[in-house]
Amino acid sequence: MIHASSLQEALDHQASGAVLFAGGTWAMRGPMDRPFVTLSGIPGLDLIEGQGGQLILGALVTHEALARALSTDPGRAALALAAGKSATPAVRRMATLGGNICTADFASPDLVPALLVLGACVTIVTAQGVEDLPLADYLATPPGPHVLTHVKLPAVTGRSTHVRLMQRQAGEYPLAALSMALKADPDGTIRDLRIAVGAVEARPRRWPALEAALIGCTPDPAALRGIARDLSDFIGRDAVDAPGWYRTRVLPGLVARAFATLTAPEGR
Amino acid sequence: MTISLTINGDPLEYSGDPRRTLLSVLRNDLRLTGAKEVCGEGFCGACTVHVDGAPKVACLIPMGTLSGRSITTIEGLGAPDMLNAVQQAFVDHDVVQCGMCFPGMVLSMSHFLAETPHPTRDEIKRAMTGNLCRCTGYERIVDALASIAPAQEALS
């Protein structure tokens with residue numbers, strides 16, 4: 001185990017085959033024949049800082065710290081709920097924001113769909129320098145060797161929420177998770193809508209067909225499930241906790257639940 | 001590289017593989033077997049210990065990250081003639097069945113009640129989500145935990 005004290009040092013060790021180590025809740029469950037390079041000695045990676053309306057989060061911010069910091073930030077409720085309900089209290093004290101994003105083998109990272117609907121960008125450091133890119137691009141085309149250092153969230157203009165379907169209410173991975181961010185006129189017309197789905201496919205992603213169909217509309221809540229069913233192009237993954245068909249079957253229900261939350265008088 | 005930390009107040013100098021888990025060192029080197037090795041993936045909470053006062057799962061913590069840290073295991077919490085409030089409530093309510101979960105349960109709940117001294121039953125249940133009781137004796141555990149604040153107020 002190597003303790004990096006700078007990003008360059010971490011990159012150098014990564015280039016030599018070391019695995020980046022943040023909270024350890026995933027890395028410690030994998031092969032133990034690899035060297036780990038810990039990032040905890042690099043200054044600034046536990047940052048939580050508001051800049052104007054923007055929020056900057058360090059990659060080593062834990063789920064617990066994130067949920068606590070966002071507890072008074074209703075516009076970013078999707079992320080607060082995702083951070084505060086994932087896994088278990090003890091794991092939330094260890095698992096990090098950066099680990100949740102960067103663990104490519106993890107199909108059910110709760111934070112990622114919430115970050116997608118909140119318009120997150122990630123900052124990565126490579127041998128070529130520092131780069132900011134949208135999280136969606138980062139997920140679609142994973143860059144070469146890099147350290148993800150920060151997540152930047154733009155100013156919030158609407159409400160958001162995060163809903164999960166569980167076998168038990170807590171303590172395990174969701175069978176399907178859905179984040180939604182909504183901006184609506186007083187008459188209910190949808191001005192902006194972002195929906196992202198996690199746990200259903202190998203990696204979380206937005207649901208552009210459903211977003212496009214609903215923006216500019218005043219949808220009848222009773223019709224939402226049918227619209228979502230018709231516009232679903234997700235191909236569910238089979239795993240030990242649920243077959244793929246089941247994960248896609250429950251998505252319309254999660255859409256309806258999230259929409260009801262966001263359009264309730266005190267919804268979030 | 002030698003890692004210096006404390007376990008239940010006693011200093012430990014560790015110079016083995018830094019990737020080795022805290023749980024393995026506790027159980028196999030120090031014979032502190034209160035923390036149980038069950039799922040090994042952070043789900044069940046049977047290996048919960050306090051790291052600098054906060055409950056964490058020892059099965060996922062490599063020794064190399066513990067330099068300067070203070071670890072408390074169930075063996076370091078209370079004493080046979082001076083149990084802490086959670087331990088005493090577990091005895092009073094006859095909570096312990098097979099014994100696999102309760103060391104972790106005690107450590108998690110002792111921290112939770114210190115932060116939330118007057119919890120509702122729902123708050124207790126949410127706080128218990130990381131500690132699985134394989135005997136499924138949850139209701140009695142919740143009863144025991146819910147009894148603590150009123151009992152302490154009656155004594156004061």
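Top to bottom, those sequences are chains C and E. First residue of the first sequence? That's 1 in full-length UniProt numbering, and the numbers climb one at a time after it. First residue of the second sequence? That's 1 in full-length UniProt numbering, and the numbers climb one at a time after it. All C-beta atoms in this analysis are idealised placements derived from N, C-alpha and C, irrespective of residue type, glycine included. Just so we're clear, the structure is a prediction, and the values are computed from it rather than from any experiment.
Query: Min CB distance residue 1/C to chain E below 8 Å; Result: yes
Query: Cβ contact (3+ pairs, closer than 8 Å) linking the stretch 192 to 199 of chain C and the stretch 172 to 183 of chain C; Result: yes
Query: Under 8 Å by beta carbon: chain C residues contacting residue 108/E; Result: 89 and 90
Query: Span separating the alpha-carbon of residue 161/C from that of residue 125/C; Result: 30 Å
Query: Cβ neighbours of residue 133/E in the same chain (closer than 6 Å, five flanking residues each side left out); Result: 101
Query: For residue 5/E, the residue or residues it bridges with in DSSP; Result: 12/E
Query: Span of the alpha helix (DSSP H) around residue 1/C; Result: No alpha helix (DSSP H) contains residue 1/C, which DSSP labels as neither H nor E.
Query: Contact residues within the stretch 60 to 87 of chain C, judged by C-beta distance below 7 Å to chain E; Result: none
Query: Inter-residue Cα distance where the pair is residue 144/E and residue 124/E; Result: 10 Å
Query: Residue 68/C beta carbon less than 8 Å from that of residue 54/E; Result: no
Query: Chain E contact residues for residue 40/C, given Cβ-Cβ distances below 9 Å; Result: 65
Query: Residue(s) in a DSSP beta bridge with residue 121/C; Result: 134/C and 152/C
Query: Chain E contact for residue 36/C (CB, 8 Å cutoff); Result: yes
Query: Partners in chain E for residue 203/C, counting only beta-carbon separations shorter than 9 Å; Result: By Cβ distance, chain E contributes nothing, its closest Cβ being about 21 Å from residue 203/C, past 9 Å.
Query: Chain-ordered neighbours of residue 19/E on chain C, where CB pairs are closer than 7 Å; Result: 1, 32 and 36
Query: Reference residue 212/C; option with closest CA among 250/C, 37/C and 227/C; Result: 227/C
Query: Every unbroken beta strand (DSSP E) inside the stretch 89 to 145 of chain E [3 residues or more]; Result: none
Query: Start-to-end residues for the beta strand (DSSP E) that takes in residue 55/C; Result: 54 to 58
Query: Nearest residue (CA-CA) to residue 157/C, options 77/C, 105/C, 136/C and 223/C; Result: 77/C
Query: Pair within 8 Å by beta-carbon distance, residue 262/C and residue 180/C; Result: yes
Query: Neighbourhood of residue 10/C by C-beta distance below 8 Å, restricted to the same chain and skipping five residues each side; Result: 4, 20, 37, 39, 42 and 147
Query: Near the ligand SAH: residue 29/C beta-carbon under 7 Å from a heavy atom; Result: In the structure on display, the ligand SAH does not appear, and there are no ligands present to speak of.
Query: Meets three-Cβ-pair contact criterion under 8 Å: the stretch 109 to 118 of chain E and the stretch 145 to 152 of chain E; Result: yes
Query: The stretch 56 to 73 of chain E / the stretch 22 to 41 of chain E touching (three or more Cβ pairs under 8 Å); Result: yes
Query: Which residues DSSP lists as bridging residue 49/C, in chain order; Result: 56/C
Query: Per-residue contacts from residue 172/C into chain E (C-beta, under 8 Å); Result: 43
Query: CB contact below 8 Å: residue 166/C versus chain E; Result: no
Query: Of the listed residues 129/C, 106/C, 128/C and 6/C, nearest to residue 139/C (C-alpha basis); Result: 106/C
Query: Residue-level contact to chain C via CB, residue 48/E, 8 Å cutoff; Result: yes
Query: Cutoff 8 Å; reference residue 96/E; Cβ partners in own chain excluding five residues on either side; Result: 90 and 102
Query: Exposure label - residue 152/E; buried when at least 16 CB within 10 Å; Result: exposed
Query: Rounded distance between the beta-carbons of residue 48/E and residue 90/C, thought under 8 Å; Result: 6 Å
Query: Contacts around residue 131/E, its chain only, beta-carbon distance under 6 Å, and the 5 residues preceding and following it disregarded; Result: 45, 101, 104, 105 and 108
Query: Contact set for residue 104/C: own chain, Cβ-Cβ below 8 Å, skip 5 residues either direction; Result: 142 and 203
Query: Limits of the alpha helix (DSSP H) - the one that residue 255/C falls within; Result: 251 to 263
Query: Option in 240/C, 119/C, 234/C and 48/C with minimal Cα separation from residue 250/C; Result: 234/C
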